[in-house]
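A short write-up of the structure that comes next.
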Amino acid sequence: MIKKIIFLLIAILFISIPISKAQKLKNSIQIKGSDTMVNLVQAWSERFMQKNPAVFIAVTGGGSGTGIASLINGSCDIASSSREMKKKEIELAKSKGINPYEVIVALDGVAVVVNPKNPVEKLTLSELKDIFTGKINNWKQVGGEDRKIVVLSREVNSGTYIYFKEHVLKREDGTFEEFSASSLLLPSSQAICEEVSYNESAIGYYGMGYLNPKNKPLAIATDKDSKYILPTIENVISREYPISRPLFFYTNGYPQGLIKEFLDFVLSDEGQRIVLEVDFVPIKKN
Numbered sequence: 011m012i013k014k015i016i017f018l019l020i021a022i023l024f025i026s027i028p029i030s031k032a033q034k035l036k037n038s039i040q041i042k043g044s045d046t047m048v049n050l051v052q053a054w055s056e057r058f059m060q061k062n063p064a065v066f067i068a069v070t071g072g073g074s075g076t077g078i079a080s081l082i083n084g085s086c087d088i089a090s091s092s093r094e095m096k097k098k099e100i101e102l103a104k105s106k107g108i109n110p111y112e113v114i115v116a117l118d119g120v121a122v123v124v125n126p127k128n129p130v131e132k133l134t135l136s137e138l139k140d141i142f143t144g145k146i147n148n149w150k151q152v153g154g155e156d157r158k159i160v161v162l163s164r165e166v167n168s169g170t171y172i173y174f175k176e177h178v179l180k181r182e183d184g185t186f187e188e189f190s191a192s193s194l195l196l197p198s199s200q201a202i203c204e205e206v207s208y209n210e211s212a213i214g215y216y217g218m219g220y221l222n223p224k225n226k227p228l229a230i231a232t233d234k235d236s237k238y239i240l241p242t243i244e245n246v247i248s249r250e251y252p253i254s255r256p257l258f259f260y261t262n263g264y265p266q267g268l269i270k271e272f273l274d275f276v277l278s279d280e281g282q283r284i285v286l287e288v289d290f291v292p293i294k295k296n
């Protein structure tokens, strides 16, 4: 009987601990979501764990939609996302007792890439939309060789897919066109990178952190009378590059305890230097 009373008192004491203190008792963080951000989040996590050896941070991708769904069902502490949460996702989260809290942790330019052997160097947003919707289907229509265009896209669960659709395939009335039915949907930014590296007919898109010598980024202009801009750190910070975006972390409520410590590190000068190290764009100039 005495043991039962002691156990009950301990349980009541633990339940009564404020959330912030309870979270401090936890020495691990689960982060799920954006494939675009996975290398960046892994770099942050590794540095934070070096500084805090008792802490373990698990990082997995799967797409922004996967991360947001995991936050909603309570299976992760932080959702990484290359797009904003949708209104219906926020409503669903709140119906389950989850209060999404948004933090912008970095910036990114969505690079449009082709094989280095492709002579095309630049496109307008209108030409880009026509390529990805199938209205332009041969490279000679935009100054390239007489070669059929192979359109590569991320899968629908990807935040980059949604961002590209909402900002590049947008109609004047605010609705969106659909990707060409012949588009190849690939599971990750790395898969697009690899396909472009050996397919001279391919065109794809991904976060600029994946840029490498085997892929050639195209300069993009809002229209034919505008300046063509490459996806560089300087052009994203200045917002000159027309396909630039913020990158997000979402937590359940205002971050506390260990989660807040990690977010504080991510937003610190050191954390933002890591953003540069992996070829993304910091939210502020150090």
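Numbering (our numbering) for the sequence shown: 11 to 296. Glycine included, each C-beta is placed from N, C-alpha and C at the ideal position. If you're wondering where the values come from, they're calculated on a predicted model, not measured in any experiment.
Scanning the region 200-283 for uninterrupted alpha helix (DSSP H) segments of 4 residues or longer gives 243-247, 267-277, listed from N- to C-terminal end.
Of the other Cβ atoms in all chains shown, fewer than 16 fall within 10 Å of the Cβ of Val166; this residue is therefore exposed.
In the three-state reduction of the DSSP assignment, Arg93 falls in the coil class, being assigned neither a helical nor a strand state. In this structure Asn245 is in contact with Tyr251, their Cβ atoms being roughly 4 angstroms apart against a cut-off of 8 angstroms. Its chain contains Ile67, Val69 as the residues whose beta carbon lies nearer than 6 angstroms to that of Ser55, once the 5 sequence neighbours on both sides are disregarded; these appear in chain order.
Excluding residues up to 5 positions away in sequence, Thr46, Ser92, Arg164 lie with their Cβ nearer than 6 angstroms to the Cβ of Thr170 in the same chain. Beta bridge pairing from DSSP links Thr170 with no other residue. Sorting Asn83, Ile146, Tyr215, Arg181 by C-alpha distance to the C-alpha of Asn125 places Tyr215 at the top. Comparing C-alpha distances from Ala79 to each of Ile108, Asp118, Lys127, Val48 shows the shortest one belongs to Ile108. Counting along the chain, the unbroken beta strand (DSSP E) around Asp118 starts and ends at 110-124.
In chain order, Ala64, Val65, Phe66, Leu268 place their CB closer than 8 angstroms to the CB of Asn37, counting only its own chain and leaving out the 5 sequence neighbours on each side. Taking 7 angstroms as the cut-off, the beta carbon of Ala229 is found closer than this to the beta carbon of Leu240.
DSSP lists Lys158 as the beta-bridge partner residues of Asn148. Each residue's CA atom was taken as its position, placing Glu182 and Ser74 some 27 angstroms apart. C-alpha of Phe258 to C-alpha of Gly219: approximately 15 angstroms in a straight line. Taken atom to atom, the span from the alpha-carbon of Asp274 to that of Phe58 is near 11 angstroms. Per the Cβ contact rule, the region 139-152 is not in contact with the region 278-296 (fewer than 3 Cβ pairs under 8 angstroms).
DSSP places Lys106 outside both helix and strand once states are collapsed to three, so it counts as coil.
Residues of the same chain with a CB within less than 6 angstroms of the CB of Ile243, apart from the 5 flanking positions on each side, are Val291 in chain order.
Note on Ser199: 16 or more other CB atoms within 10 angstroms of its CB, so buried under the neighbour-count rule.
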